[in-house]
Amino acid sequence: MSRETRVKYRIEADKGVLVSNFERRGWARTHEEDWNVFWTTVWTVKMIFSPEASVRLGEAQIINHFPNHHELTRKDCMVKNVKRYKKDNEKNQSIYNQDVETVADFVPLTYSLPSDYALFIEEYKKTNSLWIVKPANRAQGKGIFIVTKLGQITKWAKQKWLQGESGISKEQYIISKYIENPLLIGGKKFDLRFYVLVTSYRPLRAYIHREGFARFCTVAYNTDVGDLDNLFVHLTNVAVQKQGDEYNDKHGGKWNVNNLRLYLESSLGKEKSEKLFNTINFVIAHSLKACQTVITNDRHCFELYGYDLLVDSSLRPWLIEVNASPSLSFTTPSDRMLKCSVLSDTIDVVVPPGMPDSERLYKDHRIWPVGDLPLNGFQVLVDEAADMERKQPSQRK
Amino acid sequence: EECYPEGATMQQRAEVVLKALKQTTLAAKIKREVKDEIIKSKYTTNSLGTNLPKLMEEMGCTVKLMNCINGIQEACKERETSATVAPTLPVLDEALDSVREAKKRWRQTLQDQLKRVSVDLDVPFARLRTQRSEIARHTREVMLNDNDNGQHKDDEGKEDHDPKPSYKKEGGVFGSNTLLQHIAEIQPLNHMSCNTRILGWGMVPLEVATPSLEELISFFSGLRLTTRQCGVDEVLKEKFTEEKIRQFQSILHNGTTAELRQNSKQGVPVSMRKVVWKTLLSPLTMNGQCAKDKRDAYLHLLQQDVVKAELLLDDLVKWDIRECANDDKYFVFDDLLERVLLPLLRDPYCKPYMSKAVETLKGADKGHNDVLDYPPSGVIPYQGLAALCAPLCFIFTDVSDVYFMFRTMFCRYWVKLQTLSSKPDSAITLCKLFERLVQTFNPDVVYHCISLGMRPLELAFPWIFTAFSGYLEVDQVLHLWDRIIAYDSIQLLPLAAAAIFLWRGRCILQCDTVQDVKNLFSDCSKLQVIPLLQYFLFA
């Protein structure tokens with residue numbers, strides 16, 4: 017009878033939420049390669065899975081990112097995959113919702129810069145809208161600005177690429193149609209953050225957590241040209257809003273999604289509010305399916321994504337981006353409870369019982385029948401294993 | 383304006399209502415419609431006698447008439463209890479000397495506090511806005527902002543260098559603590575302690591009549607365990623919400639207001655609240671566009687008043703809103719709250735209702751020539767006023783809707799929470815009811831609290847005072863308010879307070895200090911108020 021071995025965890029930086037959760041489970045911390053669960057950054061994962069890496073991961077080792085998650089989490093890649101998914105599956109009924117739309121219809125019109133520059137200019141001349149420029153691979157609202165005049169963008173582009181010194185890698189940007197008419201509550205703009213856990217891409221197994229939240233701007237929304245530079249009006253990232261005078265650290269500008277549901281159902285009716293949340297689930301599910309074929313379905317990986325969506329005044333959700341490393345820091349006590357519970361539920365789902373001595377390896381556990389898993393706050397979003405099972409019941413021993 | 387005569391019998395009341403009904407345009411219109419219908423040749427004079435009621439029902443006239451009668455009845459009932467028809471004799475208004483004294487003292491407290499604020503901030507009670515006054519106002523707001531942010535930084539149990547004035551601590555002219563103190567100080571002048579041994583346990587020494595448990599159970603019988611409730615059964619029964627929505631839709635379509643009210647006693651589905659609350663709270667105002675235009679215009683006038691002149695009370699309202707907006711449920715609506723509460727201070731509609739709570743304060747101009755009501759509405763802002771308005775922002779998106787709904791609810795229900803009176807449904811009687819309930823049900827918990835040095839009412843009064851807004855989750859608050867509106871009674875508040883308090887009874891018995899007890903109740907966000915109420919009353 018072997019004594020139960022303790023699970024060994026390794027983390028990159030001392031994050032309170034992580035340490036307290038792992039210690040509470042009686043796990044032991046390690047800084048070596050003998051870890052069972054590694055919660056790390058995307059760069060470390062890249063190194064681990066790079067061709068030059070010498071170490072291969074063992075059976076009882078689980079890591080919190082997929083090697084090429086950027087297919088979903090880089091803004092330009094996500095758009096590319098979603099468009100390709102639509103094109104490849106045009107004849108397939110299942111990619112359409114009841115209004116005959118695909119996930120691509122819920123992503124704002126986007127062009128990569130500099131590669132699609134000419135296409136963008138053509139589109140720009142057709143419509144009189146605002147566009148927003150974002151670096152393809154940065155977070156926390158850094159490097160973002162809004163464009164009103166063509167001159168603005170041509171000048172910027174010239175500066176960035178045409179006059180750049182050769183040899184320096186050109187940073188990729190995207191430019192998307194700005195959603196000028198967001199749904200306002202109390203006169204303020206907000207966006208939505210949902211947590212989505214993926215344990216396997218083929219077959220796809222994804223869960224969505226019921227604790228999502230809405231992030232509000234502290235200042236009332238307006239489209240005054242003078243205020244386009246005022247990031248407090250337009251960008252909901254907490255990192256940006258925190259710098260403002262009005263920022264209140266008692267509530268942190270976040271609304272639990274239940275409050276949002278109550279508000280929408282009370283003021284707009286059950287049908288409309290349900291349709292919105294169903295559409296959000298549809299968009300998230302299909303965005304994952306769009307990347308199914310390209311993401312390496314490594315049997316050591318899982319990933320907790322932070323989905324950012326924006327709702328416009330016609331109650332249409334727009335997929336803004338997907339974050340591979342959603343922030344685990346917290347601003348208020350209720351925020352802390354939320355992050356703790358999301359993390360805790362993630363570990364409960366991901367780590368097989370009796371790890372690391374267990375006979376059940378992660379590679380089987382990641383698509384285990386959902387009835388047997390402790391989901392807690394998670395709900396099943398996509399379960400392709402079960403779908404396949406239903407169509408062709410396998411002969412299980 | 384019709385009103386029931388003093389001590390009217392059912393017969394007399396019916397006559398009054400009939401007279402009022404005959405004078406409405408609706409009655410004339412229906413008369414015409416029915417006449418046009420029966421003139422047609424398919425009806426004979428003989429059959430008319432028996433067929434007429436059925437015919438009217440088919441034409442939808444019965445429902446309209448019933449709603450109209452309902453509205454007239456409610457208006458008469460309201461006028462019966464208000465002093466607008468003719469000023470009542472003070473003795474009839476308030477029979478007890480001690481309470482009358484307390485009321486005077488309360489008014490004096492408010493007046494003194496107001497003067498103190500005015501002197502401290504160096505702002506007169508009211509003045510026209512000028513550039514200079516605006517700059518001064520802006521400076522005050524910035525200082526307040528800095529003060530608040532500064533507080534957090536040295537927030538480690540250190541004492542403030544200059545003790546905060548009481549109005550800053552209570553975020554307004556008064557808070558629930560001050561009111562509670564005043565209630566506790568009312569000494570009955572003619573009680574003898576030999577009669578009841580339990581005298582001395584409660585904070586409220588005044589012996590006022592409160593409904594008995596049997597009366598409460600029979601009055602709130604809609605909360606019976608055997609009836610399905612909104613707020614409970616959504617999870618227990620599949621498709622419950624859809625069923626309820628269908629039921630309400632059919633009543634709204636061709637049922638009477640009385641039926642609607644009866645059904646609302648089991649709660650209202652979330653998506654129907656907007657329409658149902660509007661119908662129940664303003665039966666005589668039509669829901670048509672022209673009525674809405676009138677309301678919008680009225681609100682606009684008040685808002686112009688806000689722009690023209692500033693009141694000292696504006697600052698107090700803003701402090702209260704700021705406190706309210708620290709709550710992570712309500713922060714979104716801070717702008718909306720300002721746009722509702724500032725005009726409310728200037729709305730004379732509230733005056734007759736507020737004057738029952740406290741006689742309107744007066745302000746005079748420099749030369750003591752013009753003595754006017756201050757503020758015009760009689761509403762003195764206090765901490766908790768914004769919290770009573772905030773849940774409405776979840777249901778109504780239009781400023782004008784929120785405004786009029788809040789005004790109605792305030793004048794009808796919330797004003798009673800600050801009324802010192804021996805009549806039923808005042809702050810004193812509600813407190814007494816709470817104390818009697820907890821004492822009757824679970825005297826050892828009460829005794830334990832007292833032995834620790836705390837009275838249960840001290841804990842529960844803030845909940846009652848803000849109708850649980852800010853303590854329970856918003857959807858729970860709204861479930862509770864559904865029933866307050868449906869039963870038209872705020873007695874549910876001390877009931878719910880008692881239910882929540884005794885729910886943790888066993889844990890309270892294990893507490894060793896007052897702080898432990900307070901910690902037990904510091905987070906009420908997981909509580910479901912309707913099952914607790916049901917358990918308390920019927921289990």
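Quick note, the sequences are listed as chains L and A, same order.
Here the first sequence is numbered in the working numbering, starting from 17 and rising by one per residue.
Here the second sequence is numbered in the working numbering, starting from 383 and rising by one per residue.
Using N, Cα and C, we set each Cβ at its ideal position, and we do this for glycine too.
- Here residue 279(L) carries a helix assignment [DSSP, helix/strand/coil].
- The C-alpha of residue 72(L) is placed about 45 Å away from the C-alpha of residue 276(L).
- Using beta-carbon distances, residue 856(A) counts as an interface residue toward chain L, with a partner under 9 Å.
- Between the beta-carbon of residue 693(A) and that of residue 507(A) there is about 7 Å, and that keeps the pair under the 8 Å contact cut.
- Judged by pairs of C-beta atoms under 8 Å, the segment 617-630 of chain A does not touch the segment 421-431 of chain A, as fewer than three such pairs exist.
- Counting every other CB atom within 10 Å of its CB across the protein chains shown gives residue 607(A) a total below 16, marking it as exposed.
- Around the CB of residue 676(A), fewer than 16 other CB atoms lie within 10 Å, so the residue is classed as exposed.
- The beta-carbon separation of residue 153(L) and residue 188(L), rounded to 7 Å, stays under the 8 Å limit for a contact.
- Flagged as an interface residue toward chain L: residue 708(A), by a C-beta distance shorter than 9 Å.
- Closest option to residue 166(L), judged by alpha-carbon separation, among 39(L), 200(L), 174(L): 174(L).
- With a cut-off of 8 Å on Cβ pairs, the segment 328-344 of chain L is in contact with the segment 113-129 of chain L, counting three or more such pairs.
- Neighbours of residue 778(A) across chain L, judged by C-beta separation under 9 Å: 282, 283.
- Here residue 130(L) has 177 as same chain residues with Cβ atoms under 6 Å from its own Cβ, once five neighbours each way along the sequence are excluded.
- Residues of the same chain with a CB within less than 7 Å of the CB of residue 372(L), apart from the 5 flanking positions on each side, are 21, 23, 52, 76 in chain order.
- Looking at 720(A), 628(A), 779(A), the one whose alpha-carbon comes closest to that of residue 284(L) is 779(A).
- Scanning chain A for C-beta atoms nearer than 7 Å to the C-beta of residue 275(L) yields 711, 856, reported in chain order.
- The segment 730-749 of chain A makes no contact with the segment 222-235 of chain L; the number of CB pairs closer than 8 Å stays below 3.
- From the beta-carbon of residue 348(L), the residues of chain A found nearer than 7 Å are 710.
- Take residue 288(L), set aside five residues on each side of it, and the residues of its chain with a beta-carbon closer than 8 Å to its own are 280, 331, in chain order.
- Residue range 333-339 is occupied by the beta strand (DSSP E) that includes residue 339(L), with no alpha helix (DSSP H) assigned at that position.
- According to the DSSP assignment, residue 272(L) belongs to the beta strand (DSSP E) that extends over 270-272.
- Residues of the segment 194-205 of chain L with a C-beta atom less than 9 Å from some C-beta of chain A are 201, 202, 203, 204, listed in chain order.
- Taking the Cβ atoms as the reference, residue 642(A) lies roughly 6 Å from residue 658(A), within the contact range of under 8 Å.
- Apart from sequence neighbours up to five positions away, the residues of its chain that approach residue 87(L) with a beta-carbon distance below 8 Å are 93, 94, 97, 307, 310, 311, ordered along the chain.
- Residue pairing from DSSP places residue 225(L) in a beta bridge opposite 394(L).
- The straight-line gap separating the alpha-carbon atoms of residue 268(L) and residue 823(A) is approximately 41 Å.
- Under DSSP, residue 58(L) takes part in no beta bridge, so it has no partner.
- For residue 278(L), the chain A residues whose Cβ falls inside 7 Å of its Cβ are 652, 776, 856, 857, in order along the chain.
- Residue 662(A) and residue 639(A) have their C-alpha atoms some 7 Å from each other.
- Per the coordinates, the alpha-carbon of residue 161(L) lies some 6 Å from the alpha-carbon of residue 148(L).
- Looking at the DSSP output, residue 79(L) bridges to 54(L), 317(L).
- Around the C-beta of residue 591(A), fewer than 16 other C-beta atoms lie within 10 Å, and the residue is accordingly described as exposed.
- Beta-bridge partners assigned by DSSP to residue 147(L): 163(L), 193(L).
- Burial is judged here by how many other beta carbons sit within 10 angstroms of a residue's own beta carbon; residue 104(L) has fewer than 16 and is exposed.
- The C-beta separation of residue 653(A) from residue 627(A) comes to about 6 Å, placing the pair in contact by the 8 Å criterion.
- Within the segment 345-371 of chain L, the residues whose Cβ lies closer than 8 Å to some Cβ of chain A are 348, 350, listed in chain order.
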